[in-house]
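Have a look at the structure below, then the notes.
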Amino acid sequence: MRFLVFRGLALLTLLVVPACTTAPAPAQQSIVVTPEPGAPVFTPPDQNAADYPAPVQTDEAYPGPQATAVSSADGRSQSVLQSYESALQLARAQYDPGVEMYGVVPSEIAIGNLGGPPVAPGWFYKFKRQGSRREFIVQIVDGQVTGSTTAEPIEEPTPAELPIDVSQIKIDSDQVFAMFKERAPELGITPGDTVYDLELVSLAGKNGPTWSVVDPTTKKWVFSVNAVSGEPAADPHQ
Numbered sequence: 000m001r002f003l004v005f006r007g008l009a010l011l012t013l014l015v016v017p018a019c020t021t022a023p024a025p026a027q028q029s030i031v032v033t034p035e036p037g038a039p040v041f042t043p044p045d046q047n048a049a050d051y052p053a054p055v056q057t058d059e060a061y062p063g064p065q066a067t068a069v070s071s072a073d074g075r076s077q078s079v080l081q082s083y084e085s086a087l088q089l090a091r092a093q094y095d096p097g098v099e100m101y102g103v104v105p106s107e108i109a110i111g112n113l114g115g116p117p118v119a120p121g122w123f124y125k126f127k128r129q130g131s132r133r134e135f136i137v138q139i140v141d142g143q144v145t146g147s148t149t150a151e152p153i154e155e156p157t158p159a160e161l162p163i164d165v166s167q168i169k170i171d172s173d174q175v176f177a178m179f180k181e182r183a184p185e186l187g188i189t190p191g192d193t194v195y196d197l198e199l200v201s202l203a204g205k206n207g208p209t210w211s212v213v214d215p216t217t218k219k220w221v222f223s224v225n226a227v228s229g230e231p232a233a234d235p236h237q
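Note that numbering that gives the first Met the number 0 numbers the sequence shown so that position 7 is 6, with each residue one more than the last.
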């Protein structure tokens, strides 16, 4: 399942802070968007982008960026697993004590859906209660919580998303990027200085939690590995 311009999440608005910052996709799902007065509205999906479940409506207006205590160009001075606890604590405190993590969403795609505000990519975590479609999204930049929002896909995701037991994840984001750079030449890719994105998702009928590297320009999934074993994996959405 994938969102408007994200794969695996329906992101709406967030209270974000900092500055700085191949497989064909399946057909887009039909959507209905109902924005609240004064709230930002998502732009239509790019025709080359992977499809994601659609957001329903935004919760809050988008604030101006602020500074974080630690600054990096991409907002990723901490890895996904290092920043996870901060995101989880916020989700439990502000949304529901029983939430579970359902993945990490590609940051640049999320930011593009917000209209391209001047924020660092950081990491976007998706939390849900089992049995509920509603999602609570938290952005972390350089180890600091910078925003959160709720969203709900119009349709049930297919295949179904599964909660991720973070204690079972043995491969962290920095390791995924290192693996990708090592494999890039044989994939016909020259990474250069490009800041690639990441998705972490576990889908029913697939081989467990999977990391995927996402090209920030084409919005295509270019490399995937099993998040537990580190073995090469197929794009979980295919």
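For every residue, glycine included, the Cβ atom is placed at its ideal position computed from N, Cα and C.
In the displayed model, Lys-180 falls within a helix according to three-state DSSP. With a threshold of 16 other beta carbon atoms within 10 Å, Asp-141 meets it and is buried. The continuous alpha helix (DSSP H) containing Leu-80 extends over residues 79-93. Scanning Gly-146, Glu-107, Gly-121, Gln-93 for the CA closest to the CA of Lys-127 turns up Gln-93. In this chain, the beta strand (DSSP E) harbouring Asn-225 covers 220-225.
Less than 8 Å divides the Cβ of Ala-226 from the Cβ of Trp-210. Just so you know, the alpha carbons of Ser-85 and Gln-143 end up roughly 7 Å apart. For Gly-102, same chain residues with a beta-carbon under 6 Å away, outside a window of 5 residues either side, are Gly-7, Lys-125, Leu-199, Val-200 in chain order.
Its chain contains Ala-203 as the residues whose beta carbon lies nearer than 6 Å to that of Ala-159, once the 5 sequence neighbours on both sides are disregarded; these appear in chain order. Residue state for Ile-170 is assigned as coil, using DSSP reduced to three classes.
Rounded to whole angstroms, the separation of the alpha carbons of Lys-180 and Pro-190 is 7 Å.
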